[in-house]
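First to last, the protein sequences are chains H and B.
Under our numbering, the first residue of the first sequence is numbered 69, with each subsequent residue one higher.
Under our numbering, the first residue of the second sequence is numbered 192, with each subsequent residue one higher.
Where a beta carbon is used, it is the ideal one built from N, C-alpha and C, also for glycine.
Since the model is a prediction, treat every value here as computed from it, not as a measurement.
Notes for the one structure printed next.
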Amino acid sequence: MGAGTWPTHVKGTMEYIAKYVADGSTGEFEFTAIPQTYRSLRIVMSQGKRVGSGTNVGIWFNGDSTSGNYGYASMYGSGTNSNYTYSRNSGTISMGDCPTGNAADSQMWICDIANYSNASAGTMCQVWQGANQQGGNNTGLMGFGYSVASAITTIEINSNGYNPGLLYNYDTPTVFTLFGIGSV
Amino acid sequence: MADFEIIAEGTLSSGASTISLTSIPQTYTHLEFQISARGSYASAYPSSTNMRFNSDSGTNYGGADGYVSSGTPGVEGYSLNALTQTYYTNVLALDSWATNIQGVTSWIIPNYTSTSFAKQLFKTGTVADTNSIYTLRFGSGAWDNTAAITQIDLLEPSAGTEIMAQSSYWLAGWA
Numbered sequence: 069m070g071a072g073t074w075p076t077h078v079k080g081t082m083e084y085i086a087k088y089v090a091d092g093s094t095g096e097f098e099f100t101a102i103p104q105t106y107r108s109l110r111i112v113m114s115q116g117k118r119v120g121s122g123t124n125v126g127i128w129f130n131g132d133s134t135s136g137n138y139g140y141a142s143m144y145g146s147g148t149n150s151n152y153t154y155s156r157n158s159g160t161i162s163m164g165d166c167p168t169g170n171a172a173d174s175q176m177w178i179c180d181i182a183n184y185s186n187a188s189a190g191t192m193c194q195v196w197q198g199a200n201q202q203g204g205n206n207t208g209l210m211g212f213g214y215s216v217a218s219a220i221t222t223i224e225i226n227s228n229g230y231n232p233g234l235l236y237n238y239d240t241p242t243v244f245t246l247f248g249i250g251s252v
Numbered sequence: 192m193a194d195f196e197i198i199a200e201g202t203l204s205s206g207a208s209t210i211s212l213t214s215i216p217q218t219y220t221h222l223e224f225q226i227s228a229r230g231s232y233a234s235a236y237p238s239s240t241n242m243r244f245n246s247d248s249g250t251n252y253g254g255a256d257g258y259v260s261s262g263t264p265g266v267e268g269y270s271l272n273a274l275t276q277t278y279y280t281n282v283l284a285l286d287s288w289a290t291n292i293q294g295v296t297s298w299i300i301p302n303y304t305s306t307s308f309a310k311q312l313f314k315t316g317t318v319a320d321t322n323s324i325y326t327l328r329f330g331s332g333a334w335d336n337t338a339a340i341t342q343i344d345l346l347e348p349s350a351g352t353e354i355m356a357q358s359s360y361w362l363a364g365w366a
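Here it is in structure tokens:
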């Protein structure tokens, strides 16, 4: 134990909170009234598909899509190319491109959102993403920061993060599952 | 035993020079750790905390690291038995940055109870500050020792500095 005062350890687990199963009818949805009782959150998107082609999937916290409130750094590979990027003025958390069309195509990602219930700190999250799209593959490792000090109570997942007015509905069998880890 | 179980967790109410996770149960297959933290180290770059296993301060550690920092990519590597602690294992926001930013790091230590093989860890860490710089790191760490891991010490960013208040962590075991 270091110089700090740590609370008594409480044994917990990773707990299912909510799930959204896509049916092709909508391109945006929210996890609302997120319990503030966990230490961190984990979202898993599996077998992601969209009805139509759009730009990258986007996530917002607490309904805030203000440009400049999100910053990021990412490394990614697409086909035989690799690259990196960063921005200080994003208005969304980009989860990469989600495929449409081919039956064999899909995207998956895991997003960890740390210390989300601390109202006096911003929120950092990490994303591990991969997709098979039209016979090609892409993958990325990304870190995002939400610079507004607030507890995260709502997470919106939009199928078109850079232009939320245009939606490309999530198709079956896309599933988004939200977990809570530990307890505060 | 649950499939995924929290072994230890906490939020720092005041600064700490070291976080020690002791008496780690030997009943799981893998360990996973996450920390969201700031460090009091003064630098132009994000701070970091490294770690030691079982209080071993010998030159028995190594690792490799790839990164993007403010749009500049790079790689770093240290051979096994080159370091006295793991390298850049946790990414921390600096005290001089906006007060509402923490860095987040996740790592996994597979087969930590093995008494036949040296230990490896895989980690990813990131911090993004709208007023400063953006860093994303991924890499590996190694401990050249076949002992089962029973203790993990997260060390201060630099001598005389601290892992700062409100830093939050959890350690979990996978079945």
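Notebook entry, point to check: What residues from the segment 194-221 of chain H come within 8 angstroms of chain B, judged by C-beta to C-beta, listed N to C?
Noted result: Gln-194, Trp-196, Leu-209, Met-210, Gly-211, Phe-212, Gly-213, Ser-215, Val-216 and Ala-217
Margin query: Is it the case that the segment 242-249 of chain B contacts the segment 324-343 of chain B, given that we only count it when at least three CB pairs across the two stretches are under 8 angstroms?
Written below: yes
Item checked: Cβ-based contacts, 8 angstroms cut-off: residues of the segment 178-189 of chain H near chain B -> Asp-180, Ala-182, Asn-183, Asn-186, Ser-188 and Ala-189
Checklist line | Cβ-based burial, B:Thr-326 [other Cβ within 10 Å; buried from 16] | finding: buried
Checklist line | Neighbourhood of B:Gly-265 by C-beta, 7 angstroms cutoff - its chain only, sequence neighbours within 5 removed | finding: Tyr-258
Next item on the list: Indicate whether H:Ile-223 and H:Phe-99 have their beta-carbon atoms separated by less than 8 angstroms.
Entry: yes
Next item on the list: Please work out which residues of its chain come closer than 6 angstroms, Cβ to Cβ, to B:Ser-205, disregarding the five sequence neighbours upstream and downstream, and give them in chain order.
Entry: Ala-356
Margin query: Since H:Ser-114 and H:Met-163 should fall inside the 8 angstroms C-beta cutoff, what is the C-beta to C-beta distance between them, to a whole number of angstroms?
Written below: About 13 angstroms separates the two Cβ atoms, so there is no contact after all.
Checklist line | CA nearest to the CA of H:Ser-155, picked from H:Lys-117, H:Tyr-214, H:Ser-146 and H:Gly-116 | finding: H:Tyr-214
Next item on the list: Please check the pair B:Phe-313 and B:Trp-298, which I expect to be a contact at CB under 8 angstroms, by giving their CB distance rounded to whole angstroms.
Entry: 6 angstroms
Check: What's the C-alpha gap between H:Tyr-106 and H:Asn-186?
Finding: 10 angstroms
Next item on the list: Assign H:Asn-149 to one of two classes, buried (16 or more other C-beta atoms within 10 Å of its C-beta) or exposed (fewer than that).
Entry: exposed
Checklist line | Residues bridged to B:Thr-263 [DSSP beta-bridge criterion] | finding: B:Ser-260
Margin query: For B:Pro-301, report the span of its beta strand (DSSP E) as first-last.
Written below: 294-301
Checklist line | Within-8 angstroms CB hit, B:Leu-327 to chain H | finding: yes
Next item on the list: Scan the segment 130-142 of chain H for residues whose Cβ lies nearer than 7 angstroms to a Cβ of chain B and list them as they occur along the chain.
Entry: Gly-136, Gly-139, Tyr-140, Ala-141 and Ser-142
Note to self: Between H:Val-112 and chain B, is the shortest Cβ-Cβ distance under 8 angstroms, so that the two count as touching?
What the structure shows: no
Check: Taking only beta-carbon atoms, is H:Gly-72 less than 8 angstroms away from chain B?
Finding: Low confidence applies here, because H:Gly-72 scores a pLDDT of 44, under 50, leaving its location unreliable and the question unanswered by this model.
Next item on the list: Determine the contact status of H:Gly-208 and H:Tyr-140, defining contact as a CB-CB distance below 8 angstroms.
Entry: no
Checklist line | Straight-line gap, H:Pro-167 to H:Trp-128 (C-alpha atoms, nearest Å) | finding: 21 angstroms
Check: Does DSSP classify H:Lys-117 as helix, strand or coil?
Finding: coil
Margin query: Between H:Met-192 and chain B, is any beta-carbon pair separated by less than 8 angstroms?
Written below: yes
Next item on the list: Kindly indicate the opening and closing residues of the beta strand (DSSP E) around H:Met-143.
Entry: 138-146
Notebook entry, point to check: Helix or strand or just coil, what does DSSP make of H:Thr-52?
Noted result: Residue 52 of chain H is absent from the structure shown; chain H starts at 69 and stops at 252.
Check: Would you report the Cα separation of H:Asn-278 and B:Leu-283, rounded to the nearest angstrom?
Finding: A question about residue 278 of chain H goes unanswered here, because the residues of chain H that appear run from 69 up to 252.
Note to self: When you compare the CB of B:Thr-202 with every CB in chain H, is at least one pair closer than 8 angstroms?
What the structure shows: yes
Notebook entry, point to check: Between B:Gln-217, B:Trp-365 and B:Gly-294, which lies nearest to B:Tyr-279 when the distance is taken from Cα to Cα?
Noted result: B:Gly-294
Item checked: Inter-residue spacing [alpha-carbon to alpha-carbon] between H:Gln-202 and B:Ala-289 -> 43 angstroms
Notebook entry, point to check: the segment 151-164 of chain H: which residues have C-beta closer than 7 angstroms to a C-beta of chain B, in chain order?
Noted result: Tyr-152, Tyr-154 and Arg-156
Margin query: Using the three-state DSSP reduction, which class does B:Ile-354 fall into: helix, strand or coil?
Written below: strand
Next item on the list: Below 6 angstroms CB to CB, which residues in the same chain sit around H:Gly-44 once its five sequence neighbours on both sides are set aside?
Entry: Any answer about residue 44 of chain H is impossible in this case: the structure gives chain H only from 69 up to 252.
Check: With 16 as the cutoff for other CB atoms within 10 Å, does B:Gln-217 come out buried or exposed?
Finding: exposed
Checklist line | Backbone CA spacing between B:Ser-208 and B:Thr-296 [nearest angstrom] | finding: 18 angstroms
Checklist line | Near-chain B residues of the segment 82-106 of chain H - C-beta to any C-beta below 9 angstroms | finding: Met-82
Margin query: Using a Cβ-Cβ distance cut-off of 8 angstroms, determine whether B:Asn-281 contacts chain H.
Written below: no
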